[in-house]
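Undergrad: If you read the sequence shown in the working numbering, its first letter stands for residue 318, the second for the next number, and so on.
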Amino acid sequence: MLGTIQGLTEFLPISSSAHLRIFPELFGWGDPGAAFTAVIQIGTELAVLIYFRKDIFRIASAWLRSLVQPEWRGHLDARMGWFIIIGSLPIVVLGVLLKDVIERDFRNLWIIGTTLIVLGVVLGIADRVSSSTKVIRQITLRDAVLMGAAQALALIPGVSRSGATISMGRFLGYEREAATRYAFLLAIPAVVGAGLFELQEIPHGENAYGWGPTLVATVVSFLVGYAAIAWLLRYVSTRSYTPFVLYRVALGGATLALLSAGVLTA
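(1) Would you tell me roughly how many angstroms separate the C-alpha atoms of Gly-522 and Phe-353, rounded to the nearest one?
(2) Going by the beta-carbon positions, is the gap between Val-452 and Glu-492 smaller than 7 angstroms?
(3) If the criterion is Cβ atoms closer than 7 angstroms, does the pair Val-553 and Gly-441 meet it?
(4) Inspect the beta-carbon positions of Ser-405 and Ala-507 and report whether they are closer than 7 angstroms.
(5) In the DSSP assignment, the alpha helix (DSSP H) including Lys-371 goes from what residue to what residue?
(6) Buried or exposed: which applies to Ser-332, given that a residue is buried once 16 or more other Cβ atoms fall within 10 Å of its Cβ?
(7) Are Gly-486 and Thr-450 close, meaning C-beta to C-beta below 7 angstroms?
(8) Applying the 10 Å Cβ sphere with the 16-neighbour rule, what's the burial state of Met-318?
(9) Which residue or residues does DSSP assign as beta-bridge partners of Lys-451?
(10) Under the three-state reduction of DSSP, which class applies to Leu-581: helix, strand or coil?
This is how it looks when you write it as C-alpha cells:
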C-alpha cells in the first residue's frame with residue numbers, strides 16, 4: 318500500500334512524504350522512517366529516468382560535449398544540464414547539513430498538516446497569477462536557481478518537491494506543462510542521491526520494515542509512478558492545479574483536526 322501511495326503522490330503536487338507519514342500513523346502502522354521514504358523514492362525516480370530517457374540522454378550528451386567542445390557550450394541542452402546541476406545544489410547541501418533535523422523534527426504531523434495547507438494555497442495563487450508565457454527552452458540561470466531553491470523547501474514533509482518547484486515556475490511565468498516537466502527533471506539528482514545515501518540506514522534499525530517490504534514498495538512505486546507521470550503531463554496541458562490545491566487544504570485540515578482530537582499523535 319505504501320508503494321502505491323508513493324507512486325501516486327510523488328509526482329502529483331500533494332507531497333509523497335506527507336502521505337507516507339500521515340497514513341501509516343492513521344492506520345496504526347507507525348512512522349516508517351525517513352530512510353524508508355527516501356529509498357522507495359528511488360522507484361519513482363527510476364520511472365522518471367525511463368519516461369524521460371530521450372530528454373535525459375540528449376541533455377547529458379550535450380552537457381558532456383560542452384566540457385570539451387567550446388561550440389557546444391551555448392547549446393540549450395548543454396545549458397539545461399548545468400541548470401539541473403546548479404538547481405540541485407540547494408536541496409543536496411541543506412539535506413546533508415540538516416539530516417538529523419529533517420528526520421527528527423520536520424516529521425512532526427503539526428508541521429506537515431500546516432505545510433500542506435500553506436503550500437497548497439501558494440500553489441493555487443501561483444497558478445492563478447502566472448502569465449503562462451514561457452516554455453521550457455526559455456529557462457535561464459536565474460530561473461534555475463530560484464526553482465532549485467524552491468525545491469529545497471521539500472526537505473520539510475508536506476511541502477511537495479514537485480509542488481514547490483511548479484509553484485516557483487508558475488510565479489516565473491512558465492506554462493504548466495513546462496513547469497511540471499522541469500520539476501521532474503530537476504528532482505532526479507536529489508531524489509536518487511537521497512535514496513542511495515539512505516540505503517545504509519535500512520539494515521540498522523532506522524527503517525521499521527526492513528529490506529523485503531522496502532524493495533517491494535520500491536517496485537510498486539515505480540510501476541504506479543510511471544503511470545502517474547504520463548497522466549499528469551496530459552492533465553496539466555489543459556487543466557489547472559485547483560483540484561490538487563483543494564485536496565492539500567482538505568488533507569492538511571483533516572490532519573490538524575485529528576491531531577487536536579487526539580486521534581493522531583504528532
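Beta carbons: idealized from backbone N, C-alpha and C, even for Gly.
TA: Judging by the given coordinates:
(1) In the sequence shown, the residue the question calls residue 522 occupies position 205. In the sequence shown, the residue the question calls residue 353 occupies position 36. Model confidence at Gly-522 stands at a pLDDT of 49, short of 50, so the residue's coordinates are unreliable and nothing is read from them.
(2) In the sequence shown, residue 452 corresponds to position 135, counting from 1. In the sequence shown, residue 492 corresponds to position 175, counting from 1. With contacts defined by Cβ atoms closer than 7 angstroms, Val-452 and Glu-492 form a contacting pair.
(3) As a first step, residue 553 is located in the sequence shown; it is residue number 236 there, counting from the start. As a first step, residue 441 is located in the sequence shown; it is residue number 124 there, counting from the start. Result no, Cβ atoms of Val-553 and Gly-441 do not sit closer than 7 angstroms.
(4) If you number the sequence shown from 1, residue 405 lands on position 88. If you number the sequence shown from 1, residue 507 lands on position 190. Yes, the pair counts as a contact, with Cβ atoms nearer than the cut-off.
(5) Here residue 371 refers to the residue found at position 54 when the sequence shown is read from its first residue. 370-385 is the span of the alpha helix (DSSP H), which, as asked, contains Lys-371.
(6) On the sequence shown, position 15 is the one that residue 332 refers to. Under this definition Ser-332 is a buried residue.
(7) Residue 486 sits at position 169 when you count from the first residue of the sequence shown. Residue 450 sits at position 133 when you count from the first residue of the sequence shown. No, they are not a contact pair.
(8) Taking the first residue of the sequence shown as 1, we reach residue 318 at position 1. Met-318 should be labelled exposed.
(9) For the purposes of this step, residue 451 is taken as the residue at position 134 of the sequence shown. In the DSSP output, where bridge partners are listed per residue, Lys-451 has Tyr-491.
(10) Here residue 581 is taken as the residue at index 264 of the sequence shown, counted from 1. Coil at Leu-581, not helix or strand.
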